[in-house]
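Chains as they are written, first to last, in this note's numbering: chain A, 6 to 246; chain B, 6 to 246; chain C, 6 to 246; chain D, 6 to 246.
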């Protein structure tokens, strides 16, 4: 029972030297497995290199599995951990490997990238994050309202451009759904150049859409700036009390 | 007369359970009819699917018509409702259907998307919106001034690029109006890539236009951020009184 | 002498009904002449339409000339007006017309667009502009410093991409000057798509350039937001005194 | 020994007339050598022009070498200067010239652009920079946190688009590393148009990536705005004490 307590200190906390080492080792392992996952997608890997990547994969999954079992073992409420956000991600990170031996479930691998979110655990309590959290709470209502207005605006933009361009470019603006792609690419000012209006009506419409669209970037920037100022102020008031 | 009063509570207000249900049902109906409108524009729908969409259309127009008549019936000043902003939109949302039976007025359908604005009624009084409204009032003058300067700047940019590029690309920069398209796409940093300068003069000109153009995004962001901070402050002062 | 005084009230001020009418008429004339200038650049105008535009041109230049002479006549210090910023623009707006009769100096027409700046006179004293002016003064030093750093950064980005891409795309990145075009189009996030890196080195370099480049937009937005907040605060302190 | 003191005043400080002249001369020389470096990269230079550029190069390197030796000579702690940031840049700026005579080390020339950073020395102590420095200190934690989250987000976006587009466009999205290029170009809203999704899945995924991606620009803008406001406040408090 004493060992479990000592292990818990190492696995769950990071205020001791051993605890920090454990956390850093896991972090390093996550990075290694992410790099190996990325390298695996390269099209021209030699067979030898793929074998090495396979070994890295097997070793990291084994270590992650040990970590997962450890976390369940040391947890005071194992079921709470298993069904927590990070518990599920820990499971999803190792599950595809075991399942993939029968069927080809390689596509489930995509969830492995969530491993990276575990790194948040290490910084979860730091001061800057608390300030972000505070700012997010302050700005929540406005951000939801803004997103609603933005969604309505995107829909109107898509419907409008469909009306103007559908006849001239039936392949690119073939439906409102296709036009939504144009709307989001234009309003975020990405502008790939794969779809753009060519009729005079469509161009004039885009002109007015963009006039408002600049605000699509300006408003959230303003909201976040104002909320962060507020969060900092509140923090200081707290301190001075 | 009593029934009218009870109906009014349901149709116009949303502080009772029935009122909220009525509002949510209408919201849901708007969403359904918008999705059906979008699906209708898909080019490769099967005939059966189009029949289903037609039915959805008919049913939603009937329900909207009933809602419209109800709103007139329960309203204490029916004419004020009919000629109010939302009253007109409610009418425009159903009118094309009735008109389209004689002539092909399908293009009037585009106004149906304004139905979505009705959703604002539900949130009109909420706190965040009031803050946006306050901020908009604070920033009104600056925003108008900024828009004027921006409009002048866009015109100068268009005239300048026309002067530099017209000879080299007579088809793309064929007039100041065509160059306006370049100016708005460039200054909002969308940059589709359909028109861009190719002469050295045009490139150097664009260089300087973009130096100032970054402000086109930065200034409104700053204005809105500063106004929202101010609005929040004013709100708090009010509270503390 | 009395007439001169009465004319001065109309021409130079806009706090009387006649003064406002004079100003609005001039504004309207500027708009007309700008629209006619833009229409003239259209490639497929009919001969009749060009004749009409020519008439509009002649009439507006005559009226502007009368206005110019009036302004000199009523001015208490005529030479100060003639060599002031707006005095020179007023002259430049009409000069090309008189010069163009001998030689083809049509290209000087480009300066006509500066007429539009005259509209500033009408709003020069309004409150919002004063606040912008105040904010500009507050932020001047930071903005100059930022522009210097941005210029250095643009130069480094251009030199770097030249180093990486010159060999692979000798026509697009043929010198540091050509690469400057890429740098400004990329860092302002316009991204036309006419020039972009294709080598791995160039892509990785662009990756890091863009990481910093996001700040190129974020910093001036922050500067302006912070200055406008400050300007508003100062204004209120003044009022409360 | 007295000469060394007098020279130090000229070389290291800029509060005397001679010191300012020395600094301005060096600044001018840096500009000249940067312009000459840029001109050298032009592809169609005549032989005579290249000879002139070579002379400018030789003269500026000689002058920079004299400056470098002077700085070591007058410095009270020569080794501290040599291994300081600016000392190393001063050396790197002249070293390639001497090394290039044996081997072709022209590519080391790229470091010459760092010369431009020396200009910072002149303004290092100015007030605006101090405020930037203060703001950077305030915002450091949040900026690091934000960069971490942004890096994670970029990686997820790249992995996701690889999953959706790899099959349809194996040449453009051939690995997660290739997809990173798409992710950074899209999330900074540059959008060159060389890579973009063409599958429905990829487009929908991009839609959601961009919704969050707008914040990638909005958050740092907000952070910097809020920090600069704070820095200005702190400065004023200091003054009023």
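No residue lacks a Cβ here, since even glycine has one placed at the ideal position from N, Cα and C.
Source: prediction; values computed, not measured.
Here residue 225 of chain D carries a helix assignment [DSSP, helix/strand/coil]. By the C-beta criterion, the stretch 198-205 of chain B is judged not to be in contact with the stretch 62-72 of chain C, since fewer than 3 inter-stretch pairs fall below 8 Å.
The three-state reading of DSSP puts residue 171 of chain D in coil, since its state is none of H, G, I, E or B. Judged by DSSP secondary structure, residue 91 of chain A falls within the alpha helix (DSSP H) whose first and last residues are 90-104.
Residue 143 of chain D sits close to residue 235 of chain D, with the two beta carbons spaced by under 7 Å.
For residue 176 of chain C, there is no enclosing alpha helix (DSSP H), as DSSP gives it neither H nor E.
Of B:174, B:67, B:133 and B:134, the smallest CA-CA separation from residue 101 of chain B is found for B:67. Between residue 179 of chain D and chain A, the shortest Cβ-Cβ separation is below 7 Å. In this structure, the straight-line span from the alpha carbon of residue 230 of chain D to that of residue 187 of chain D is close to 29 Å. Contact annotation: in the stretch 193-219 of chain B, residues whose CB is within less than 9 Å of a CB in chain D are 194, 195, 196, 197 and 198. Cβ proximity to chain A below 8 Å picks out 185, 186, 189 and 190 from the stretch 166-191 of chain B.
For residue 47 of chain B, the C-beta contacts it makes with chain A under 9 Å involve 179, 180, 181, 182 and 183, in order along the chain. Distance from the CA of residue 7 of chain A to the CA of residue 39 of chain A, rounded to the nearest whole angstrom, comes to 35 Å. Taking each of A:90, A:165, A:95 and A:81 in turn and checking the Cα distance to residue 212 of chain A, the smallest one comes out for A:165. Residue 33 of chain A is classed as exposed because its beta carbon has fewer than 16 other beta carbons within 10 Å across all chains shown. Cβ contact annotation for residue 174 of chain D (same chain, cutoff 7 Å, sequence separation greater than five): 203, in chain order.
The beta carbon of residue 14 of chain D sits closer than 8 Å to the beta carbons of 21, 23 and 24 from its chain, once the five residues preceding and following it are set aside; these are given in chain order. Under the DSSP assignment, residue 67 of chain C falls in the alpha helix (DSSP H) whose first and last residues are 52-79.
Within chain D, the residues whose beta carbon sits less than 7 Å from that of residue 133 of chain A are 146, 147 and 150, listed in sequence order. Excluding its 5 nearest sequence neighbours in each direction, residue 139 of chain A has C-beta neighbours in its own chain below 7 Å: 236 and 239, listed in chain order.
Using beta-carbon distances, residue 30 of chain D does not count as an interface residue toward chain A, since no partner is under 7 Å. Taking 7 Å as the cut-off, the Cβ atoms of residue 167 of chain B and residue 190 of chain B do not count as close.
Counting of Cβ neighbours within 10 angstroms places residue 84 of chain C among the exposed residues, the total staying below 16. Under the three-state reduction of DSSP, residue 17 of chain C is assigned to helix. Apart from the 5 residues on each side of it in sequence, residue 75 of chain A sits with its Cβ closer than 6 Å to the Cβ of 16 in its chain, given in chain order. A Cβ-Cβ contact shorter than 7 Å links residue 194 of chain C with residue 194 of chain B. By the Cβ-count criterion, residue 246 of chain A is exposed, with fewer than 16 other Cβ atoms from all chains shown falling within 10 Å of its own Cβ. For residue 90 of chain C, the number of other beta carbons within 10 angstroms of its own is below 16, and it is reported as exposed.
Counting along the chain, the unbroken alpha helix (DSSP H) around residue 28 of chain A starts and ends at 22-45. Take the alpha-carbon of residue 47 of chain B and the one of residue 210 of chain D: they are about 20 Å apart. Closest by C-alpha distance to residue 233 of chain C, out of B:148, B:153, B:183 and B:218, is B:148. Residues of chain A whose Cβ lies closer than 9 Å to the Cβ of residue 12 of chain B do not exist, since the nearest Cβ in that chain is about 28 Å away. Ranked by Cα distance from residue 151 of chain D, the first of D:86, D:42, D:227 and D:27 is D:227. At a cut-off of 7 Å between beta carbons, residue 162 of chain A makes no contact with chain C. Within the stretch 93-105 of chain A, no residue has a Cβ lying closer than 8 Å to any Cβ of chain B.
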